[in-house]
Structures are given as structure tokens and as C-alpha cells.
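Worksheet for the structure shown next.
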Amino acid sequence: MNNKNYISSVCSIKDGKVRINNKIEFTNTDTCSAVDFFKSVYTHYQMAYPKFYKMDSLCKLAFVASELLIKTNKITHRYKPEDIAIIIANSASSLEIDTEHQKAISDKENYFPSPAVFVYTLPNILIGEIAIRNKIKGENTFFIFDKFDAEFIADYINLLLNSNKAKCCITGWVDFYEGRYEAFLYIVEKHSEHFSIEHTTEQLNKLYKQTQNN
352 MNNKNYISSV
362 CSIKDGKVRI
372 NNKIEFTNTD
382 TCSAVDFFKS
392 VYTHYQMAYP
402 KFYKMDSLCK
412 LAFVASELLI
422 KTNKITHRYK
432 PEDIAIIIAN
442 SASSLEIDTE
452 HQKAISDKEN
462 YFPSPAVFVY
472 TLPNILIGEI
482 AIRNKIKGEN
492 TFFIFDKFDA
502 EFIADYINLL
512 LNSNKAKCCI
522 TGWVDFYEGR
532 YEAFLYIVEK
542 HSEHFSIEHT
552 TEQLNKLYKQ
562 TQNN
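In this text, residue positions in the sequence shown follow our numbering: the first is 352, and each later residue adds one.
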């Protein structure tokens, strides 16, 4: 029995740059904020999904990264909705929007907690946005770590696929806090013809480190 799994595509977004399979595909370092940059990515790739503008910053980042990833790989055409899992992690949880919500409920003179803000006060909401957009119905989980943990993610995803709980997985790291952002999402499959890298801790660490270099 072959228990090997393979990384079939990668999308990383950091420092005004979009990398797909380790190639810089889009750059915009002129925008004044992270959110403006996410909007420029959305516009450049003509992502036509009006709900994007209602999302919080963390979800916007996850959304554009996942859109590019799925467009490159087309897994939603090759797998049943229930066979695709989404497993994502970060370090800040939904702290950015949590802070905004806390300010709204702490100001007794201007008490007006926004339902639009409250919707995004859980980090796994971004998984929900990706799943709804792509009609994905497989297992989904969100983890919080101090930093990207390649060993845990590699072991967890490999177990998921090798136990047949999923045939394909969108996974990785999406973090946003105080304007600092980083997305490193990739797809794991049992078989891959393109950009085929074995899904091991060593290979994952190497791939992630490559995205940290400008």
C-alpha cells in the first residue's frame, strides 16, 4: 500500500507578492494597506464574487489565496465535494476583528456592535467562506499555533488521506494581525502529475522557507 501523498500546487501571498508554485505571478507594492493589496489581487484576477467586500481582512486573504490555488489545480472538477478537506492554521486566530468588535461593545456612549463584524469573530469562518464558495463538504478544522508547524500539519494531513477520510486537502497557514499578513496554502493529493512534491515535514519546511524570501 502506497502511503505517500503529494503537494500538487502552492499559493503564497506576502509582502505585496503573489507566488503560485514558487513563481511570482503578481506584484503590487504601491498600495497603502494590506487590505488594498488584497483588493488589487481580487481585481487583477477578476474574481467576481461580490461577497468578498463584506469579508474581514483574514477572510479576504484566505479567499484570494484559495481562489488562485483552486483555479490552478481545478480540484473541484476532479473530486466530489465530500472528498475535499480544508485544514488551516495561524497564530493570531481572529484577533484583528475580535479587537474591533471589543471596541464596539466597550464604548457605552456609542454602543453599536455590528453584526457584520461579529460574524467574523471565529477563525474557522474563513474555512466556511472557502467551502461555501466552492461547495466543499469534506472535513474541516482550524488550528492555532505560535508559528507554522510543518511536522504537525504534514502528519495530520497524511493521516487524513491515508485513513481515507479525504482524497484531497486544501491546507496551510493564513495569518493577519495589525496589517501584517501571510498566506501559504497548498493542495495535497494521493497522486499528482504537476508540481509533485512528496508531502513530508522536510519538504514542507523547505517549501515554506522558500516563500519567506523576497
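Ideal placement from N, C-alpha and C gives every residue a C-beta, glycine not left out.
Identified DSSP bridge partners for residue i
| i | result |
| --- | --- |
| N491 | I437 |
| E533 | D526 |
| V539 | I358 and C520 |
| R429 | Paired residues: none, contrary to the question. |
| E549 | Y357 |
| S296 | Shown here, the chain extends from 352 to 565; a query on residue 296 therefore has no answer. |
| I364 | V369 and A534 |
Cβ-Cβ separation, residue j to residue i (assumed contact under 8 Å), whole Å
| i | j | result |
| --- | --- | --- |
| Y393 | V361 | Actually they are not in contact, since the Cβ atoms of Y393 and V361 sit about 19 Å apart, beyond 8 Å. |
| N475 | N356 | No, N475 and N356 are not in contact; Cβ-Cβ is about 23 Å, not under 8 Å. |
| I439 | T562 | Between T562 and I439 the Cβ distance is about 16 Å, and since that is not below 8 Å, they are no contact. |
| A501 | Y559 | 6 Å |
| K518 | Y430 | 6 Å |
| D526 | N441 | 4 Å |
| P432 | K486 | 5 Å |
| S359 | E540 | 5 Å |
| I478 | I437 | 5 Å |
| S391 | N379 | 5 Å |
Residue i, enclosing alpha helix (DSSP H) - first and last residue
| i | result |
| --- | --- |
| F414 | S408 to N424 |
| K557 | T552 to T562 |
| A482 | I476 to N485 |
Span of the beta strand (DSSP E) around residue i
| i | result |
| --- | --- |
| F499 | Premise fails: F499 is in no beta strand (DSSP E) and is neither H nor E. |
| K368 | K368 to I371 |
Environment of residue i [buried if 16+ CB atoms lie within 10 Å]
| i | result |
| --- | --- |
| C383 | exposed |
| E533 | buried |
| S547 | exposed |
| G489 | buried |
| F503 | exposed |
| F496 | exposed |
| A505 | buried |
| E418 | buried |
| A399 | exposed |
| R531 | exposed |
| K411 | buried |
| N491 | buried |
| H550 | buried |
| E480 | buried |
| S514 | exposed |
| D407 | buried |
| Y404 | exposed |
| I342 | Residue 342 lies beyond the stretch modelled for the chain, which goes from 352 to 565, so this question has no answer here. |
Jot down the residue ranges of each uninterrupted alpha helix (DSSP H) in the stretch 375-408, minimum 4 residues, whole runs only, in chain order. 385-395
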